[in-house]
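Data first, discussion second: the structure below is written as structure tokens.
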Amino acid sequence: MAEVTAPAARTQGPAPRAERAVGRRGSFPVWRWVILLVAAVYFLLPCWAALRFAGIKAFGSVFSQAGFGSSIWLSLQLAFVTWLITMLLMVPTTVYVHLRVPRLRRVLETVTILPIVVPPVVLIVGVLQVMPLALRGSVWLLSLEYVILAMPFAYRAIDAGLRSIDVKTLTEASQSLGAGALTTLWRVLLPNLRTAVLSATILVVALVLGEFTMASLDLQTTFPVWIVEFDQLDAQMSVAASLFALVVTWALLMAITLIATRQSRRTGGGEVTLFTAGSRETIGN
Amino acid sequence: MPTDEIAGNETTADTATAAGTAWAGNAAGAREGTSVSLRNLTRAFGATRALDEMSLDIAPGELVALLGPSGCGKTTALRIVAGFEFADYGEVLIDGKDVSNVPAARRDMGMVFQSYSLFPNMNALDNVAFGLRMRKVAGAARRKRAAELLDLVGLSAQARQYPHQLSGGQQQRVALARALAVEPRVLLLDEPLSALDAQVRLRLREQIRTLQQRLGTTTLFVTHDQEEALSMSDRVGVMRAGKLEQVATPDELYTRPATAFVAEFGGVPGRHGILASRN
Chain A
2 MAEVTAPAAR TQGPAPRAER AVGRRGSFPV WRWVILLVAA VYFLLPCWAA
52 LRFAGIKAFG SVFSQAGFGS SIWLSLQLAF VTWLITMLLM VPTTVYVHLR
102 VPRLRRVLET VTILPIVVPP VVLIVGVLQV MPLALRGSVW LLSLEYVILA
152 MPFAYRAIDA GLRSIDVKTL TEASQSLGAG ALTTLWRVLL PNLRTAVLSA
202 TILVVALVLG EFTMASLDLQ TTFPVWIVEF DQLDAQMSVA ASLFALVVTW
252 ALLMAITLIA TRQSRRTGGG EVTLFTAGSR ETIGN
Chain B
2 MPTDEIAGNE TTADTATAAG TAWAGNAAGA REGTSVSLRN LTRAFGATRA
52 LDEMSLDIAP GELVALLGPS GCGKTTALRI VAGFEFADYG EVLIDGKDVS
102 NVPAARRDMG MVFQSYSLFP NMNALDNVAF GLRMRKVAGA ARRKRAAELL
152 DLVGLSAQAR QYPHQLSGGQ QQRVALARAL AVEPRVLLLD EPLSALDAQV
202 RLRLREQIRT LQQRLGTTTL FVTHDQEEAL SMSDRVGVMR AGKLEQVATP
252 DELYTRPATA FVAEFGGVPG RHGILASRN
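Keeping their order, the protein sequence lines are chains A and B.
Each residue of the first sequence is one higher than the last, beginning at 2 in this note's numbering.
Each residue of the second sequence is one higher than the last, beginning at 2 in this note's numbering.
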């Protein structure tokens, strides 16, 4: 208990400076609110316009449209499968590279960024050319494609998480206590990468739920594809569906973030936001 | 912060004594003491030889410090004993058996690291209990034992706290309890005090030595601080460029240094502080 008060006593030295800093910080919130307001207008105005265009009534009937349920279900399934494959692939790989071949980190960084450089159209058309027939007709081919598409985001999130903890020491400590590699990964590393894994999850899920090009070229009616197709029949309804998709995605991401924040608060980790993967710090002396 | 740490430690020392006696009683029967032998350990990183035909025998229950400047190979030696690195040739014998092919997880050694190594996702008690869990000790027995160990290092009150809520000195004490909880055959200390400030370091140094003597655990201790090495150890090995210059009791090292290097580095505390603090 006494230790908690000790640092406070220590900061008494440079008090005037600290006060000034607080004063300066005191004027910050005004600007924060202004920026928030501008951003909010930028995002909400189109939403409001869409709402006006579609009309409230369209929302009621959007759920009963043909293909609505099946397309959203397909998108959710794809998101889950993509997430699963991404995690199974990227977490052990990134950990291994960090621990055993740190020299390859640069290479991995470059390789994982390639999907951003290569346009999705090229990626899917190329893959469809060379895929065996059995996979070409399968929905899950799309998942495999999405894994590649999500790789830059997933890798960066997990990499940031690994940088924020002392992977080497934690692994060695775990080993010296008798834990094997899998136990170490599951009980020691993963719990401390939760923030990073959740950031990766958010990015992967958002990506899959919004992807249009690949799904469309692969002739799969995912939710974004359905919206565009439906647009030709009923523009109002289509806009209502788009808004609905926005709300669903937003709610899903909020839920993931909330779970992450609650969990990490328990163990003293940092706040979870979309882009601060692994901001966890341990207090030293 | 330092004042709190010391105040905490004073009460700590008393509780530690009481609990330690009881616990050492149980442990004494289980362990007869383990001997450790390093034979001709050689390890090269590129052109530099981190270890050059290094040999050392540690008697059961003995605490031997490896002392030397940064880059002299002392940490490499410790890591080879732990199983985190491997010698190009030479062997490590535990009770006469070569363990070179035994993975770190099965060497049955407790290790305290230089940097804070507690698992951030577990509280102090779960950290201490981790090794027991790996050895499939049942839940109730595991918690009881972990609590005993925390008591031993005087941190019973902090059992439910997470590493980020503990001071540096407290974290290293939990790490020590965690390493000792599994009743390791050998205790390895890799500069466990160097991240702490001076006063905490002094207290913890005494605490480690007292515990080690009470439990009789064979211990290899790596440090670049000659005062630390001389005050804690049964014997000190002074290392230079991958070789042991001299292995002797602190007294002998101080009064009869074998080489000029030993006299400079191990003999006169303070004079070569610059060299020592470079690590």
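Quick reminder that beta carbons are idealized off the backbone N, C-alpha and C, glycines included.
Remember, it's a predicted structure, so these values are computed and weren't measured experimentally.
Short of 7 Å in beta carbon distance, which residues of its chain neighbour Thr185 of chain A, apart from the five on each side in sequence? Order them along the chain. Position 184 of the first sequence, counted from the start, is the residue given in the question as residue 185 of chain A. For Thr185 of chain A, where only same-chain residues beyond five positions count, the Cβ hits under 7 Å are Thr172, Ser175 and Gln176.
Can you tell which of B:Val239, B:Val154 and B:Val223 has its C-alpha closest to the C-alpha of Gln171 of chain B? Your numbering for residue 171 of chain B matches position 170 in the second sequence. For Gln171 of chain B, the nearest C-alpha among the options comes from B:Val154.
Euclidean distance between Cα positions of Ala40 of chain A and Arg157 of chain A: For the purposes of this step, residue 40 of chain A is taken as the residue at position 39 of the first sequence. For the purposes of this step, residue 157 of chain A is taken as the residue at position 156 of the first sequence. Their backbone Cα atoms lie some 26 Å apart in a straight line.
Can you name the residues of chain C whose CB is closer than 8 Å to the CB of Arg136 of chain B? In the structure shown, chain C cannot be found, because the protein chains are A and B.
What's the call for Lys98 of chain B, buried or exposed, on a 16-neighbour Cβ count within 10 Å? Residue mapping note: residue 98 of chain B aligns to position 97 of the second sequence, counting from 1. Counting Cβ neighbours within 10 Å, Lys98 of chain B comes out exposed, since fewer than 16 surround it.
What does Val189 of chain A reach in chain B if we use C-beta pairs closer than 7 Å? If you number the first sequence from 1, residue 189 of chain A lands on position 188. By Cβ distance, chain B contributes Phe120.
Nearest-angstrom Cα distance between Tyr43 of chain A and Gly72 of chain B? Counting from 1 along the first sequence, the entry for residue 43 of chain A is found at position 42. Counting from 1 along the second sequence, the entry for residue 72 of chain B is found at position 71. Computed Cα separation, rounded: 58 Å.
Cβ of Ala174 of chain A less than 7 Å from any chain B Cβ? Stepping through the first sequence from its first residue, residue 174 of chain A is reached at position 173. It does; some Cβ of chain B falls within 7 Å.
Sufficient close CB pairs (3 or more, under 8 Å) joining the region 83-102 of chain B to the region 242-259 of chain B: Output reads no: the region 242-259 of chain B does not touch the region 83-102 of chain B.
Which residues in chain A sit within 9 Å of Met55 of chain B, going by Cβ to Cβ distance? What you label residue 55 of chain B is simply residue 54 of the second sequence in a count that begins at 1. Chain A residues near Met55 of chain B: none, gap ~21 Å exceeds 9 Å.
Under 8 Å by beta carbon: chain A residues contacting Val183 of chain B: What you label residue 183 of chain B is simply residue 182 of the second sequence in a count that begins at 1. Result: Leu178 and Gly179.
Taking the straight line between their C-alpha atoms, what separation do you get for Gln214 of chain B and Thr94 of chain A? In the second sequence, residue 214 of chain B corresponds to position 213, counting from 1. In the first sequence, residue 94 of chain A corresponds to position 93, counting from 1. If you take the alpha carbons of Gln214 of chain B and Thr94 of chain A, they lie about 44 Å apart.
Quick one: Cα of Ile36 of chain A to Cα of Leu45 of chain A, how far? Taking the first sequence and counting its residues from 1, the one referred to as residue 36 of chain A is at position 35. Taking the first sequence and counting its residues from 1, the one referred to as residue 45 of chain A is at position 44. A direct Cα-Cα distance of roughly 14 Å separates Ile36 of chain A from Leu45 of chain A.
Considering Cα atoms alone, identify which of A:Thr262, A:Arg195, A:Ala201 and A:Leu115 is closest to Asn122 of chain B. By one-based count along the second sequence, residue 122 of chain B stands at place 121. Among A:Thr262, A:Arg195, A:Ala201 and A:Leu115, the Cα nearest to that of Asn122 of chain B is on A:Arg195.
Distance CB(Ile86 of chain A)-CB(Val126 of chain A) smaller than 7 Å: The residue labelled residue 86 of chain A in the question sits at position 85 within the first sequence. The residue labelled residue 126 of chain A in the question sits at position 125 within the first sequence. No, the Cβ-Cβ distance between Ile86 of chain A and Val126 of chain A is not below 7 Å.
Based on the DSSP secondary-structure assignment, which residues constitute the bridge partners of Phe222 of chain B? The residue you call residue 222 of chain B lines up with position 221 of the second sequence. As DSSP reads the structure, Phe222 of chain B sits in a beta bridge with B:Ala66 and B:Leu190.
State buried or exposed for Trp49 of chain A, treating a residue as buried only when at least 16 other CB atoms are found within 10 Å of its CB. Counting from one through the first sequence, the residue named residue 49 of chain A turns up at place 48. Exposed, because fewer than 16 other Cβ atoms sit within 10 Å of the Cβ of Trp49 of chain A.
Among B:Ala51, B:Ser36 and B:Gly69, which residue has its Cα nearest to the Cα of Leu57 of chain B? One-based indexing of the second sequence puts residue 57 of chain B at position 56. In terms of Cα proximity to Leu57 of chain B, the closest of B:Ala51, B:Ser36 and B:Gly69 is B:Ser36.
Which residues does DSSP pair with Gln247 of chain B in a beta bridge? What you label residue 247 of chain B is simply residue 246 of the second sequence in a count that begins at 1. In DSSP, Gln247 of chain B forms a bridge with B:Val239.
Figure out for me which residue from A:Val140, A:Ala201 and A:Gln130 has the closest Cα to the Cα of Leu163 of chain A. Taking the first residue of the first sequence as 1, we reach residue 163 of chain A at position 162. Distances from the alpha-carbon of Leu163 of chain A to those of A:Val140, A:Ala201 and A:Gln130 put A:Ala201 closest.
Spell out whether any CB of chain A is found under 7 Å from the CB atom of Ala31 of chain B. What you label residue 31 of chain B is simply residue 30 of the second sequence in a count that begins at 1. Any answer about Ala31 of chain B is weak, because its pLDDT of 41 lies below 50 and its placement is not dependable; what the coordinates show is given next. Output row for Ala31 of chain B: interface = no.
Run down chain A in chain order and give the residues with a C-beta less than 8 Å from the C-beta of Ser116 of chain B. In the second sequence, counting from the first residue as 1, residue 116 of chain B sits at position 115. The CB of Ser116 of chain B comes closer than 8 Å to the CB of Asp167 and Thr170 in chain A, given here in chain order.
Just verifying my parser: in three-state terms, what is the DSSP assignment at Gly91 of chain B? To locate residue 91 of chain B, count along the second sequence from 1; it is residue 90. The three-state reading of DSSP puts Gly91 of chain B in strand, counting E and B together.
If you reduce the DSSP assignment to three classes, tell me which class Glu54 of chain B lands in. Along the second sequence, read from residue 1 onward, the residue named residue 54 of chain B stands at position 53. Here Glu54 of chain B sits in strand by DSSP.
So which residues on chain A does Ala83 of chain B lean against when the C-beta distance must stay under 7 Å? Here the question's residue 83 of chain B lines up with position 82 in the second sequence. Near Ala83 of chain B (Cβ distances below 7 Å), the residues of chain A are Ser177.
Measure the Cβ-Cβ separation of Leu67 of chain B and Thr220 of chain B and say whether it is below 7 Å. Position 66 of the second sequence holds residue 67 of chain B. Position 219 of the second sequence holds residue 220 of chain B. Using a Cβ distance threshold of 7 Å, Leu67 of chain B and Thr220 of chain B do not count as a contacting pair.
Count the CB pairs spanning the region 254-261 of chain A and the region 65-85 of chain A that are closer than 8 Å, and state whether there are at least three. In short, these stretches do not touch, since the Cβ pair count stays below three.
Name the chain A residues whose beta carbon is nearer than 8 Å to that of Glu112 of chain B? If you number the second sequence from 1, residue 112 of chain B lands on position 111. Inspection of the sequence shows that residue 112 of chain B is occupied by Met rather than by Glu. Contact annotation for Met112 of chain B against chain A: Glu173, Ala174 and Ser177 [CB-CB distance below 8 Å, chain order].
Of all the CB atoms in chain A, is at least one closer than 7 Å to the CB of Phe87 of chain B? Taking the first residue of the second sequence as position 1, residue 87 of chain B is located at position 86. Taking Cβ atoms only, chain A never reaches closer than 7 Å to Phe87 of chain B, which makes this a no.
I'd like the list of long-range same chain contacts for Val263 of chain B, defined as Cβ closer than 7 Å, with 5 residues on each side in sequence excluded. For the purposes of this step, residue 263 of chain B is taken as the residue at position 262 of the second sequence. Result list for Val263 of chain B: Val239, Glu246, Gln247 and Leu254, in chain order.
Starting from Arg204 of chain B, follow the alpha helix (DSSP H) in both directions and report where the run begins and ends. The count along the second sequence starts at 1 and reaches residue 204 of chain B at position 203. Note, Arg204 of chain B: alpha helix (DSSP H), Ala199 to Leu216.
Does the Cβ of Asn193 of chain A have 16 or more other Cβ atoms within 10 Å, making it buried, or fewer, making it exposed? As a position in the first sequence, residue 193 of chain A is number 192, starting the count at 1. Under this definition Asn193 of chain A is a buried residue.
Span of the alpha helix (DSSP H), counted from its first residue to its last, around Gly174 of chain B: Sequence index remark: in the second sequence, residue 174 of chain B carries index 173 (1-based). The question names Gly, but residue 174 of chain B in the sequence shown is Arg. Segment Gly169 to Ala182, the alpha helix (DSSP H) holding Arg174 of chain B.
For Gly132 of chain B and Arg179 of chain B, the rounded distance between their alpha carbons: As a first step, residue 179 of chain B is located in the second sequence; it is residue number 178 there, counting from the start. As a first step, residue 132 of chain B is located in the second sequence; it is residue number 131 there, counting from the start. In this model, Arg179 of chain B and Gly132 of chain B are separated by some 7 Å (Cα to Cα).
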